[in-house]
Amino acid sequence: MLPAIISLRPLPKGEYVGDRRMLMGRADRHRTELPMDEAAARYSAEGWSTKTPAEGPADHKPERGDEENGILKKKQPGGYWKKIMVAAALVLALVCGVVWFFMRGKDKAETVTAKEKVYPVKVMEVSPASHDIYINYIGLVQPQTLTQLTVPTIGTLETLFVSEGDEVRAGDVLARLDDSKVTDAAAQAKESMESARSAMESARVARDEAQARYDSAEIVNPDQQKEEAKKALDEATGRRDAKQKELDEVNAACEPERRAVDEAAKRVEASRAAADKAREEYQKSLEDSVSGNVIPEKRQAWQDAESIWAAEQTGLVSAQNALAQKEQDLGKAQKETELAALKAEVQTLQQAYDTIDTSTQPSVTGKDLLKYQLDAAELNYNSAVSSYNAAKSAYEMANGAVEDTVLVSPSDGYVVTITTKEGAMANPLVPIMVIGSHEMVVNFGVSQADVREISAGMLAEITVNGNTYSGKVLDIGTLPDETSRTYSTNVSIDSTDDGLYLGETASVKITGNEKRGVWLPISVILNNGEDYVMAVEDGRAAVRKVKITDISDDIVCVEGLEEGGMIITEGMKTVKSGGRVSILE
């Protein structure tokens, strides 16, 4: 702290200074000078103190002689300038001290500057090399094959024999539909088949008898031959007309179901066209859209149209099944077969009758007539055989419908999910459960930047819960996910380990193609908004910007460095650009 500087002014000549007052003496004022003792006594009598004259009466007038008597002190000549000189000396000393302090600090700074800091670092030489590129992803464990199971026919789900997670073998019964209706239909079909078998046997006997008559035929009267031919023709015509009437009644009874099938078919065709149009619009939106904002709407419209189409198909199948069931119940197929045989028989007998009626010969042998009858019997038998075969096929179909009410596993695996419950309606278009294979894969989404770097067959290393497995890329999706914009990829897991569970997280390391370039440890890459490394040039650190082109585990391939340069690998975070470095071995 600098001392306070007191401003002093010189006093006029003859001015006297006391402790609290100043006495002025003038030469022209007459005063009687008293001896010192008398002056002191006088002052004392008036209440003044020689020690503290300032405490005297306020009306005291200083007189000549007070100074000599010790009552007042006269300011010594030159005291003011003496104080000025002392203050100046103090200020000068302070200024010199400050100057000396700063000069000493400057000398120290120059000493420190003279000793430049050297940073110890380790370096590596920039040299091109070849490395495998490893592409890393995280995925989920899932079965390699997922099979959706549907029932072959429409019906009520009566029993589920498995639960989610159960192991299954090929041929195991998984579920059963209500088979009461199809069982009844199978029973009726069996009866029709037995009836057709009996008719076929009767036709066979008739054919054999006709054959025997033909073999033993003799010449008979032509009129009798014509009459017998007419009789046979009339009988066959009557049977044909009766069968036609039966078939007409069946068709009339099935007309409502037939109309329902026609209407359902029209709805299926319309919904199919709508679904095709929605799919085309969705695919076009994928090609035209950049932001992807319209894709979810188009995809939803397509899915809705597909659902409507599937529902209409289900309705058509239901209508067709109803029509087929009714036609089967009424024996339409058998009647059609029998009618066809009767028409053929009538045609043959008509030809025989016409031949006899228009013959120019005087007579026709009985053998000729019996030949026509044999041919008709043969046709009737063949028709009966066809009817039996049709009835047999109908029975096999009905029996197959009974078998279709039982759902069996097509392969070994386990039940991933069940989408329905007992008592619900099931149809062939909607899966009721999903079976997964024992072979596992890891599924994950590949980015657009990597999708061209990965191909089927590339080797991979999979890690699940600390356990490592080998595998390879199986397939890569061609259409990106509409949300993540990644491509679904599956990598196989070459293991029979039962410890792998559906949905577990797995890390995948795919061995990509080899790439040659400048590869550096990723730890040497620094960033201040741009990637850079610290290089050594002429014994000093220098910043060199780089561009990362590939990453493989803990090394990166970069551009922007010259071959033969030195890159700092240890100490790069402490050294400053331009700082002197010493290279450690």
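Per numbering that gives the first Met the number 0, residue 0 is the first one in the sequence shown, and the count goes up by one each step. Glycine included, C-beta positions come from ideal geometry on N, C-alpha and C.
Cβ-Cβ separation, V407 to V181 (assumed contact under 8 Å), whole Å: Start at 1 with the first residue of the sequence shown, and residue 181 comes out as number 182. Start at 1 with the first residue of the sequence shown, and residue 407 comes out as number 408. At roughly 17 Å, the Cβ-Cβ gap does not stay under 8 Å, so V181 and V407 are not in contact.
7 Å CB neighbourhood of Q210 in its chain, flanking five on each side removed: Position 211 of the sequence shown, counted from the first residue, corresponds to residue 210. Excluding residues within five positions, the ones whose Cβ falls inside 7 Å are L373.
For D549 and P127, the rounded distance between their alpha carbons: Taking the sequence shown and counting its residues from 1, the one referred to as residue 127 is at position 128. Taking the sequence shown and counting its residues from 1, the one referred to as residue 549 is at position 550. Each residue's Cα considered, the two are about 14 Å apart.
Beta carbon of V580 nearer than 9 Å to that of V140: Within the sequence shown, the letter at position 581 stands for residue 580. Within the sequence shown, the letter at position 141 stands for residue 140. No, the pair does not count as a contact, with Cβ atoms beyond the cut-off.
Close-in-space but distant-in-sequence residues of the same chain around S317 (CB under 6 Å, 5 per side omitted): For the purposes of this step, residue 317 is taken as residue 318 along the sequence shown, with counting starting at 1. Answer for S317: I153, listed in chain order.
Check whether R212 and A383 have beta carbons under 9 Å apart: Translated into positions along the sequence shown, residue 212 becomes position 213. Translated into positions along the sequence shown, residue 383 becomes position 384. For R212 and A383, no; Cβs fall outside 9 Å.
Rounded C-alpha distance that separates T495 from E438: As a first step, residue 495 is located in the sequence shown; it is residue number 496 there, counting from the start. As a first step, residue 438 is located in the sequence shown; it is residue number 439 there, counting from the start. Rounded to whole angstroms, T495 to E438 spans 8 Å at the Cα level.
7 Å Cβ shell around Q333 - same chain, five flanking residues per side excluded: Counting from one through the sequence shown, the residue named residue 333 turns up at place 334. Same-chain partners within the cutoff: S191, A195, S386, A389 and A390.
Sequence-distant residues of the same chain with beta carbon closer than 7 Å to A108, five excluded per side: Working through the sequence shown from its first residue, we reach residue 108 at position 109. Reliability of the predicted coordinates at A108 is poor, the pLDDT of 47 falling under 50, and no value is obtained from them.
C253 classed as buried or exposed, judged by whether at least 16 other C-beta atoms fall within 10 angstroms: The count along the sequence shown starts at 1 and reaches residue 253 at position 254. With 16 or more Cβ atoms within 10 Å of its Cβ, C253 is classed as buried.
Beta-carbon proximity check, W301 vs R271, cutoff 9 Å: Against the sequence shown, residue 301 aligns to sequence position 302. Against the sequence shown, residue 271 aligns to sequence position 272. No, they are not a contact pair.
Simplified DSSP state of I153, which is helix, strand or coil: Here residue 153 is taken as the residue at index 154 of the sequence shown, counted from 1. Coil, per DSSP.
The segment 320-330 contacting the segment 237-256, beta-carbon criterion three pairs below 8 Å: yes
Alpha-carbon to alpha-carbon, K225 and Q350: Along the sequence shown, one-based indexing puts residue 350 at 351. Along the sequence shown, one-based indexing puts residue 225 at 226. So the alpha carbons of these two residues sit roughly 12 Å apart.
The segment 416-431 contacting the segment 441-450, beta-carbon criterion three pairs below 8 Å: no
Status (buried if at least 16 other CB within 10 Å, exposed otherwise) for M571: Within the sequence shown, the letter at position 572 stands for residue 571. With 16 or more other Cβ atoms within 10 Å, it is buried.
Counterpart residues of I307 in DSSP-defined beta bridges: Translated into the one-based positions of the sequence shown, residue 307 becomes position 308. I307 is not bridged to any residue.
In DSSP terms, what M439 is bridged to: By one-based count along the sequence shown, residue 439 stands at place 440. Bridge partners of M439: P142.
Local Cβ density within 10 Å of K283, reported as buried at 16 or more and exposed below that: Here residue 283 is taken as the residue at index 284 of the sequence shown, counted from 1. Label assigned to K283: exposed.
Exposure label - N527; buried when at least 16 CB within 10 Å: On the sequence shown, residue 527 is found 528 positions in, with the first residue counted as 1. By the neighbour-count rule (16 or more Cβ atoms within 10 Å), N527 is not buried but exposed.
Local Cβ density within 10 Å of V90, reported as buried at 16 or more and exposed below that: Taking the first residue of the sequence shown as position 1, residue 90 is located at position 91. When all chains shown are included, V90 counts as exposed.
Identified DSSP bridge partners for I137: What you label residue 137 is simply residue 138 of the sequence shown in a count that begins at 1. S506, per the DSSP bridge assignment.
Counted within 10 angstroms of its Cβ, other Cβ atoms place P142 as buried (16 or more) or exposed: As a first step, residue 142 must be located in the sequence shown, where it is residue number 143. Answer is buried; the Cβ neighbour count reaches 16.
contact_flag[the segment 166-175, the segment 403-418] where n(CB pairs < 8 Å) is 3 or more: yes
CA-to-CA distance, N442 to A304, given in whole angstroms: Indexing the sequence shown from 1 puts residue 304 at position 305. Indexing the sequence shown from 1 puts residue 442 at position 443. Going by the C-alpha atoms only, they are around 29 Å apart.
Segment limits, beta strand (DSSP E) that includes A540: The sequence position of residue 540 within the sequence shown is 541, counting from 1. Taken as a continuous stretch (DSSP letters only), the beta strand (DSSP E) holding A540 covers R539 to K544.
Cβ-based neighbour list, T485, same chain, cut-off 7 Å, excluding 5 preceding and 5 following: Within the sequence shown, numbered from 1, the residue matching residue 485 stands at position 486. So the qualifying residues of the chain are G444, V445, S446 and P479.
Per-residue DSSP class, three states only, for G24: In the sequence shown, counting from the first residue as 1, residue 24 sits at position 25. Since pLDDT at G24 reaches only 42, below the 50 mark, its modelled position is unreliable, and no value is offered.
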